[in-house]
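Working notes, structure below.
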Amino acid sequence: MSPAIKGKIENLIKLQEIEIEIDTIRCQLGGVKQKLDELDLTLGSFKEKIEEDRIIIEDNQQKYRSLESDTQTNDSKMEKSREKLKSVKTNKEYQSSLKELDDIKEINSKIEDEMLQCLESVENIEQGIENKKNEYENLSELTEKEKAVINQKSEQDKVRLNQLDQDLNEIKKIIDPALFDKYNMVKGKVGMIAVAYVKGSVCQGCNMNIPPQMYNEMQRFDKLSICPHCQRIIYPVINEEEKTE
Ligand SMILES: [Zn+2]
385 MSPAIKGKIE NLIKLQEIEI EIDTIRCQLG GVKQKLDELD LTLGSFKEKI
435 EEDRIIIEDN QQKYRSLESD TQTNDSKMEK SREKLKSVKT NKEYQSSLKE
485 LDDIKEINSK IEDEMLQCLE SVENIEQGIE NKKNEYENLS ELTEKEKAVI
535 NQKSEQDKVR LNQLDQDLNE IKKIIDPALF DKYNMVKGKV GMIAVAYVKG
585 SVCQGCNMNI PPQMYNEMQR FDKLSICPHC QRIIYPVINE EEKTE
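Just remember that the working numbering sits 384 ahead of the position in the sequence shown, which is counted from 1.
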């Protein structure tokens, strides 16, 4: 067995582990801004709903005021009709004035109903806003907590990433440049996992069987082995635990 090859492969495995962890952490950090933005968006849309309700209330209040002014106009019309009623001379005139008065009364009663509806809906919406405000406060508190957790995790990730970058530099220094190039070439073809172990003569990179002769040769660590199916750099399981699995 050549300890040199075994050592080289162990370094490659270490390199791959570091690179995978760096990649995972970078992905997570990349998602942090999106997560924070989503939380803000949910909170923002809640606030918007409350604003929309306020606008509906204002519309109702405006409508109420305009109806109120209509009733005032009608009240003065009614006053005039009553005056007229006092001075009518014929029965026909009397009937017609009475009718006029009734009509105005009816209109006013309809307007008053509408005014009541306005007041009711304002009251309902105000209650709704009150409820939403409470929900908003709860949501806002939760959001702040969630943001704090995300930020704390991302701070930890950054520290870890820093350490990994240093580890990566260290391991790169001791890896044979030709092997490093080979590793990167394979990585370019198959993605993150360029080095795969072989268990029970099956390549764990592609799940295909390694020819028996090649599998036997691999155990000697005489040279670097490449999977004939996926072209990954392969090695037989190194620790005992994996072997007995
Ligand atoms: Zn393979």
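Cβ coordinates follow ideal geometry from the N, Cα and C atoms, glycine included.
**Q.** Cβ shell of Leu427 (< 8 Å), same chain only, five flanking positions each side left out
**A.** Tyr520, Leu523, Ser524 and Thr527
Q: Mind reading off the beta-carbon distance from Ala562 to Gln400? Whole number of angstroms is fine, and I expect it under 8 Å.
A: Going by Cβ atoms, the distance from Ala562 to Gln400 rounds to 17 Å, so no, they are not a contact pair.
**Q.** N- and C-terminal bounds of the alpha helix (DSSP H) containing Ala578
**A.** No alpha helix (DSSP H) contains Ala578, which DSSP labels as neither H nor E.
Q | Cα-Cα separation, Lys557 to Lys542 | A | 23 Å
Q | Inter-stretch contact at 8 Å, needing at least 3 Cβ pairs: the stretch 562 to 572 / the stretch 591 to 603 | A | no
Q) In whole angstroms, what separates the C-alpha of Asn546 from that of Lys398? A) 17 Å
Q.
Determine whether the beta carbon atoms of Ile509 and Asp437 lie at a separation below 8 Å.
A. yes
Q: Give a yes or no on contact between the stretch 482 to 497 and the stretch 450 to 462, applying the rule of three or more CB pairs nearer than 8 Å.
A: yes
Q: Check the C-beta distance from Ile404 over to Met576 and give it rounded, since I have them as a contact under 8 Å.
A: 6 Å
Q) Which class does Pro620 belong to by DSSP, given the choice of helix, strand or coil? A) strand
Q | For review: beta carbons within less than 7 Å of any heavy atom in ligand 1 | A | Ala580, Cys587, Gly589, Cys590, Met592, Cys611, His613, Cys614, Arg616 and Ile618
Q) Which word fits Glu629, buried or exposed, when buried means at least 16 other C-beta atoms lie within 10 angstroms of its C-beta? A) Caution is warranted here: a pLDDT of 40 is assigned to Glu629, below 50, making its placement in the model unreliable, and the coordinate value is therefore given only provisionally. Exposed, because fewer than 16 other Cβ atoms sit within 10 Å of the Cβ of Glu629.
Q. Below 8 Å, can you find three or more Cβ-Cβ pairs linking the stretch 498 to 505 to the stretch 474 to 488?
A. no
Q.
What does the Cβ neighbour count give for Ala580, buried or exposed, with the cut at 16 atoms within 10 Å?
A. buried
Q. With Gly589 and Cys611 assumed to form a contact (beta carbons below 8 Å), what rounded beta-carbon distance in angstroms separates them?
A. 6 Å
Q | Per DSSP, the bridge partner or partners of Cys587 | A | Val582
(Q) Would Val582 and Ile618 be called neighbours here (beta carbons separated by less than 8 Å)? (A) yes
(Q) So, at 8 Å on beta carbons, what are the nonlocal neighbours of Ile555 in its own chain, with the 5 sequence-adjacent residues on each side left out? (A) Asn395, Lys398, Leu399 and Ile402
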